[in-house]
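Undergrad: One structure, as structure tokens, below. Some questions next.
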Amino acid sequence: MKSAADRQLKNTRRLAEARRVVVKVGSSLLVNEQSGELDQIWLDALIDDVVMLHRRGQQPVLVSSGAIALGRRRLDLAPGRLQLKDSQAAAAVGQIHLARAYSTSLARFGLTGAQILLTIGDTERRTRYLNARDTMETLLALGAVPVINENDTVATAEIRYGDNDRLAARVAQLAGADCLVMLSDVDALYDADPRHTQDSRPIDEVTRITPELEQAAGSATTACGTGGMVTKLAAAKIATAAGCSMVIASGRVPHPITALEAGGRCTWFPARANSITVRKRWIAGHLEIRGAYSVDAGAARALADGKSLLPAGTVAIRGEFARGDAVAVIDHDGLEIARGLSAYASTDAQRLLGQRSGEIEKLLGYRGPDELIHRGDLVLTDDLGPADD
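Numbering (the numbering used here), first residue to last: 1290 to 1678.
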């Protein structure tokens, strides 16, 4: 049985070795509750840590609250719970200041910040999910640091996440992140609410979220934020199921990521499986197959070698499907050899059959992906193993 020190070392490596890291920042860390002003000193220290990740070859993504908290002061809105129309107005004003603050702090190191505003439909509806993912992939490939928030100016109670903990988990899933860092008012998950139980103890690692654990988490809100430990447990379920480890750590310290890596108190939720394995099983077993591509022998060999499906090796299309729908790949013997998410609707894909990728723009009138199915969105039938418990 591993000691607490062994677990801490292993978990710290999860962050240091992660290719892509999502960092969630809550309103109560970023905005002073009394003045309603941005804490620029704290933000600059956080960005110092983000730059550290970037310089050692990792790809940081920020999920940040704070727009409503910043906007309400500038609109002189009364303290207390806001009506929907007031919170939407505050978000519209505050988001400008929030984006500028991140952009300015990143620019100190020559880095470019990029704002992405999401609604729940952008991560729950397949086509919009793919659009958001493509935007993020492009920004990261170009060296930008995405700063993501919920689009509170258009979201309503019925069509919103309601807290950025769950949004951060969805972003981690969308980005294929390896690690999600939840910076919080508290430094860990405790076995009882530390505000009410004097001898409560921190939990260093959670491998299974039980109903008893959720009950012990209680609830917590602040004047600036809407999240609590319960929402962080909900986020942990989403992230770990997607192959992303999550950690809850204190954001109340200078340079919080550096402090975490130095052995600061925290709670880790190890991923239940590798993100690629989870994604492939999701594609293979949990989506309705809407159509199929028939391919020649050369394309079948290329897929077996880990390549993407290109138009040149595709000889026929079956069914009608939209961009992002799940389709099968059929070889010349009529056997399914793979399945994946189509980068094109069937009407456009039909025009690309047998053509070189360089001809796509001329044939369709726009420059789309080179692949009919990208290798990251494709799973070979022979690779499918037993499902995880």
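Just so it is clear, CB atoms sit at the ideal spot from N, CA and C, and this is done for glycine as well.
Below 8 Å between beta carbons: does that hold for Val1340 and Leu1400?
TA: Contact flag set, yes.
Undergrad: Looking at the strands, I want to know which residues DSSP matches up with Pro1559.
TA: Pro1559 pairs with nothing; no bridge assigned.
Undergrad: From the DSSP output, read off the bridge partner residues of Ser1438.
TA: Looking at the sequence provided, one finds Asn at residue 1438 rather than Ser. Paired residue(s): Leu1406.
Undergrad: Please name the residue in Pro1491, Gln1347, Ala1458, Ser1317 whose C-alpha comes closest to that of Ala1430.
TA: With distances taken between Cα atoms, Ala1430 lies closest to Gln1347.
Undergrad: Give a yes or no on whether the C-beta atoms belonging to Thr1603 and Leu1652 are separated by under 8 Å.
TA: No, they are not a contact pair.
Undergrad: When you compare only the Cα positions, how much space is there between Ala1551 and Thr1486?
TA: The alpha-carbon atoms of Ala1551 and Thr1486 are separated by roughly 28 Å.
Undergrad: Beta-carbon within less than 8 Å of Gly1580's beta-carbon, same chain only, minus the 5 sequence neighbours each way: which residues are those?
TA: Excluding positions up to five away in sequence, the list reads Ile1606, Arg1607, Gly1608, Glu1609, Phe1610, Asp1614, Val1616, Ala1617, Ser1631, Ser1635.
Undergrad: If you run the structure through DSSP and keep just helix, strand and coil, what is Thr1603?
TA: The answer is strand: DSSP assigns Thr1603 an E or B state.
Undergrad: Taking Cβ positions, are Ile1626 and Thr1556 nearer each other than 8 Å?
TA: Going by C-beta atoms, Ile1626 is not nearer than 8 Å to Thr1556.
Undergrad: Under 8 Å by Cβ, that's how I've got Asp1350 and Arg1309 pegged, so tell me the actual separation to the nearest angstrom.
TA: According to the sequence provided, residue 1350 is Val. The question's Asp does not apply to it. Their Cβ separation, rounded to whole angstroms, is 7 Å, which keeps Val1350 and Arg1309 in contact under 8 Å.
Undergrad: Per DSSP, Met1471 forms a beta bridge with which residues?
TA: Looking at the DSSP assignment, Met1471 forms a beta bridge with Lys1313, Ile1537.
Undergrad: With distances taken from CA atoms, which of Leu1335, Arg1417, Leu1318, Asp1467 is nearest Ala1305?
TA: When each option's Cα is compared against that of Ala1305, the closest is Asp1467.
Undergrad: So is Thr1499 buried or exposed if we call it buried at 16+ other beta carbons inside 10 Å?
TA: Classification for Thr1499: exposed.
Undergrad: Answer yes or no: does any C-beta atom of chain D fall closer than 8 Å to that of Ala1477?
TA: Absent from the structure: chain D. Only one protein chain is present.
Undergrad: What residues in its chain sit with their C-beta under 6 Å from that of Phe1558, if we drop five residues either side in the sequence?
TA: Cβ neighbours of Phe1558 beyond the five flanking positions: Val1495, Ala1525, Thr1529, Met1535.
Undergrad: Going along the chain, which residues of its own chain have a beta-carbon closer than 6 Å to the beta-carbon of Ala1588, five neighbours each way excluded?
TA: Counting only Cβ-Cβ distances below 6 Å, and skipping sequence neighbours, we find Gly1602.
Undergrad: Keeping to the same chain, check which residues put their C-beta closer than 7 Å to that of Cys1513; ignore five residues upstream and five downstream.
TA: Confidence at Cys1513 is low in this model, with a pLDDT of 40, below 50, so its placement is unreliable and no value can be given for it.
Undergrad: To the nearest angstrom, how far is it from the Cα of Asp1594 to the Cα of Ile1572?
TA: Looking at the two C-alpha atoms, the distance is approximately 19 Å.
Undergrad: From the DSSP output, read off the bridge partner residues of Ile1662.
TA: Ile1662 pairs with Leu1598.
Undergrad: Which value, in whole angstroms, describes the spacing of the CA atoms of Ser1597 and Arg1397?
TA: Spanning the two alpha carbons is a distance of roughly 39 Å.
Undergrad: If we count the other Cβ atoms within 10 Å of its Cβ and call it buried at 16 or more, is Asp1622 buried or exposed?
TA: Exposed is the call here.
Undergrad: For a quick check, are the C-beta atoms of Tyr1633 and Gly1654 less than 8 Å apart?
TA: Result no, Cβ atoms of Tyr1633 and Gly1654 do not sit closer than 8 Å.
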